[in-house]
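J.: Quick one: this structure, given as structure tokens, is what I'll be asking you about.
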Amino acid sequence: MIPDLNDSVLDHIAIAVNSIDVAKKTYEDLGFTFSEEREVVKEQGVTTAFAKIDHTANIELLEPYGENGPIHKYLDKKGPGVHHLCFRVDDVKETCADLKKKGYILLNEEPVKGAHNCLVNFIHPKSTGGVLIEVSQAQGDH
Ligand code: CO
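Mapping of the sequence shown onto the numbering used here: position 80 corresponds to residue 78, and the numbering continues sequentially without gaps.
Next comes the structure, spelled out in structure tokens:
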């Protein structure tokens, strides 16, 4: 019998960049291909671009959109670099309720809309040893 894999899969590794068009070259040189699609997530103050790593995981470049979003602040403070990891879960509300019970600090009381129309929430890096972790539930065709 094949052992059960964990329910969560890596959905994306998000990298904060000043410019998607400049930053994507590094990943293209490594063999990744970015979709032409650029999605603005106004709620998060970002423009995103995705490149597939394998059948579930992607590289997501995050470029600041608008003014004073979280990515602007991140770039000001830390400069470009790995911003968060995202794991896909079946039920983001259930996962977050469970995480809360275990003492983790979530950024949002309720899940919010992420890129690709996903429902997402974030675990504060304070409670994970310094890593911002997103949990995401796909909706519709994604
Ligand atoms: Co993300």
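Glycine included, each C-beta is placed from N, C-alpha and C at the ideal position.
1. Do the region 120 to 137 and the region 85 to 105 make contact, defined as three or more Cβ pairs closer than 8 Å?
2. Output the distance between the C-alpha atoms of D27 and K100, rounded to the nearest integer angstrom.
3. Return yes when the Cβ of R86 is within less than 9 Å of the Cβ of Q42, no when it is not.
4. How about V15: is its Cβ closer than 8 Å to a heavy atom in ligand 3?
5. Report the CB separation of T45 from I18 in whole angstroms; it is logged as a contact under 8 Å.
6. Buried or exposed: which applies to H53, given that a residue is buried once 16 or more other Cβ atoms fall within 10 Å of its Cβ?
T.: Let me spell this out:
1. yes
2. Residue mapping note: residue 27 aligns to position 29 of the sequence shown, counting from 1. Residue mapping note: residue 100 aligns to position 102 of the sequence shown, counting from 1. Looking at the two C-alpha atoms, the distance is approximately 41 Å.
3. Numbered from 1 along the sequence shown, position 44 holds the residue referred to as residue 42. Numbered from 1 along the sequence shown, position 88 holds the residue referred to as residue 86. For Q42 and R86, no; Cβs fall outside 9 Å.
4. Here the bound small molecules are ligand 1; ligand 3 is not part of this structure.
5. The count along the sequence shown starts at 1 and reaches residue 45 at position 47. The count along the sequence shown starts at 1 and reaches residue 18 at position 20. So it is a contact: roughly 7 Å between Cβ atoms.
6. The residue you call residue 53 lines up with position 55 of the sequence shown. The residue is exposed, with fewer than 16 neighbouring Cβ atoms inside 10 Å.
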